[in-house]
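Residue numbers (the numbering used here), protein chains in the order written: chain A, 22 to 237; chain B, 22 to 237.
Beta carbons: idealized from backbone N, C-alpha and C, even for Gly.
Protein chains: 2
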Amino acid sequence: MSSLVVYGAAYSVYVRIVRLALEEKGADYLLEPVDIFADEGLPAGYLERHPFGKIPALAHDGFRLYETVAITQYIDEVLPGPALMPEDPRARARMRQIIAILDSYGYRPFVWDLFVERVRKPQEGAVSDEAVIAQGCVDARTCLKALADLRGEGDLFLGDRPGLADCHAYPMLRYMQLAPEGSALLEEAGWPLRFLEAMDRRPSVAATRSPLEPQD
Amino acid sequence: MSSLVVYGAAYSVYVRIVRLALEEKGADYLLEPVDIFADEGLPAGYLERHPFGKIPALAHDGFRLYETVAITQYIDEVLPGPALMPEDPRARARMRQIIAILDSYGYRPFVWDLFVERVRKPQEGAVSDEAVIAQGCVDARTCLKALADLRGEGDLFLGDRPGLADCHAYPMLRYMQLAPEGSALLEEAGWPLRFLEAMDRRPSVAATRSPLEPQD
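Structure below.
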């Protein structure tokens, strides 16, 4: 029985990406709490697991790893369960491209400029910066268009079973959906709503719900 | 005979990463000039190849791809020539981790905060921002330490033949070396100088020299 520990917090987009991949593999793992925004700072020794002080980090039978793209592909390569990467090299290149686009051009507008600025800041007593939101809408629309050009024809990004591109996109698009401007952009594009609905039916999504989502 | 075209400019760190990988594979390719800083703007139609207007982009027998990490792994998977990724999944995870660290935590301090700020700005008649350089030194040192903890024992990052981690690191560390502060940090760490010297003996490095390096 192998030992898998994810260090991080359930609110984190990148922690959820790793957990979605683990859930889709059917893997047993422990979520060891690390809150990078905690008043008391990082847990003692955490910088040895992640010298840049971010989350997630992984430990698998003594092997320590950080950086989400390295973790998710490692998980897929070494754990039993359904393959989360396409066999065909061009489809696999598309998968890595979609993930890189989400990191380079999606994460900031989707999560920080729309969700954090519109939803989280007022919840914490701060005022939303309307200029950030306006520019975030422009950048988010460009990114959604680029993703639309690369995805397949189904509801998921590539193929008809969830893979690493889907695990990567879901947490970002789900947070974006909680901002009215984000929700409008997802509806305008169409396919992201079908994607979110398809993923919302997955047990992996239910098992990794964020405390920042509305609770039923 | 397959057709390989790299769109980009020889000064670009990320274009050089892709070209180093192609050279190490022994591949024939065409470098089609795209200068993202040109006064006249991007070539007509380039945004269809790269909707975010960055370089490089790749075309391989009609297959269009952008995002460097997707391109280099695709190149290694589909082209003949020596393998540029380790066989062992943990070593491959380390390779992807090193590349992700270089992108997330290395590129900005190594290239922008040290090389561009100290070397390029004065060449173009602008004044270096000393605060940017000072913070760049702090961040560069943290990143070099993290890389030191993950690399193998030889002069190259992993193993004794150049791989994708080496192709990714070289262009960034080479530019950093051209700033006195960067050179001092590389010397302080030790291993980066041995790495640069080992790579400087590769024909791939000679074939992809940047016009911003001192010309012999």
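Interface flag, residue i vs chain A, CB-CB below 7 Å
i       : result
P107(B) : no
R37(B)  : no
A91(B)  : yes
R111(B) : yes
P72(B)  : yes
V99(B)  : yes
A114(B) : yes
Residue i versus residue j: straight-line alpha-carbon distance, rounded
i       : j       : result
R115(B) : F178(B) : 10 Å
V20(B)  : G175(B) : Outside the modelled stretch of chain B, which goes from 22 to 237, sits residue 20(B), for which no answer is possible.
S231(B) : A161(B) : 22 Å
C188(A) : A42(A)  : 6 Å
A190(B) : W212(B) : 13 Å
G127(A) : H71(B)  : 15 Å
L79(A)  : R113(B) : 15 Å
D181(A) : R40(A)  : 20 Å
G62(B)  : G74(B)  : 10 Å
A219(B) : I154(B) : 27 Å
L233(B) : P224(A) : 52 Å
R66(B)  : A59(B)  : Here the sequence assigns Gly to residue 66(B), which means Arg is not the residue at that position. Roughly 15 Å between the two C-alpha positions.
R37(A)  : S125(A) : 18 Å
P192(B) : F216(B) : 12 Å
S3(A)   : Q118(B) : Outside the displayed span of chain A (22 to 237) sits residue 3(A), for which this structure offers no information.
P183(A) : L123(A) : 16 Å
P103(B) : D221(A) : 43 Å
L100(A) : K46(A)  : 7 Å
D109(A) : A167(A) : 21 Å
G83(B)  : Y32(A)  : 41 Å
Y50(B)  : L68(B)  : 21 Å
Q156(A) : Q156(B) : 28 Å
R111(B) : Y87(B)  : 26 Å
P235(A) : D134(B) : 41 Å
Cβ neighbours of residue i in the same chain (closer than 7 Å, five flanking residues each side left out)
i       : result
Y35(B)  : I76, P77, T89
S149(B) : E138, R139, K142, P143
F136(A) : Y196, M197, L199, A200, G203
P64(A)  : V55
A169(B) : A210, W212
C164(B) : I122, Y126, G127, P130
I120(B) : V90, L185, A186, H189
A30(B)  : V36, P54, V55, D56, I76
Test: residue i CB closer than 7 Å to a CB of chain B
i       : result
F178(A) : no
Y196(A) : no
L86(A)  : yes
R117(A) : yes
A121(A) : yes
Y95(A)  : yes
Spatial neighbours of residue i in its chain, beta-carbon cut-off 6 Å, leaving aside the 5 residues before and after
i       : result
A228(A) : E44
A147(B) : none
H81(B)  : L25
C158(B) : E202
R172(A) : F178
Contacting residues, own chain, Cβ-Cβ under 8 Å from residue i (five flanking each side not counted)
i       : result
L214(B) : L207, E208
P94(B)  : According to the sequence provided, residue 94(B) is Gln. The question's Pro does not apply to it. Hits under 8 Å: M106, L185.
R85(B)  : R70, A78, L79
V132(A) : V34, M193, Y196, M197
D97(A)  : A42, K46, A104, L105, M106, L185
Which residues DSSP lists as bridging residue i, in chain order
i      : result
Y28(B) : E53(B), A78(B)
Y87(A) : A78(A)
7 Å Cβ cutoff, residue i in contact with chain D
i       : result
L185(A) : As a matter of chain content, chain D is missing from the structure shown, whose protein chains are A and B.
Any non-hydrogen atom of the ligand ZN within 6 Å of residue i CB
i       : result
Q144(B) : The model on display carries no ligand, and the ligand ZN is accordingly not part of it.
Query - Under 9 Å (Cβ pairs) to chain B, residues found in the segment 127-140 of chain A - result: none
Report task. Closer than 9 Å, Cβ to Cβ, to anything on chain B: give me those residues from the segment 150-169 of chain A, in chain order. Result -> T163, C164, K166, A167
Requested in this report: Report the residues of the segment 46-79 of chain A with a CB closer than 7 Å to any CB of chain B, ordered along the chain.
Outcome: P72, F73
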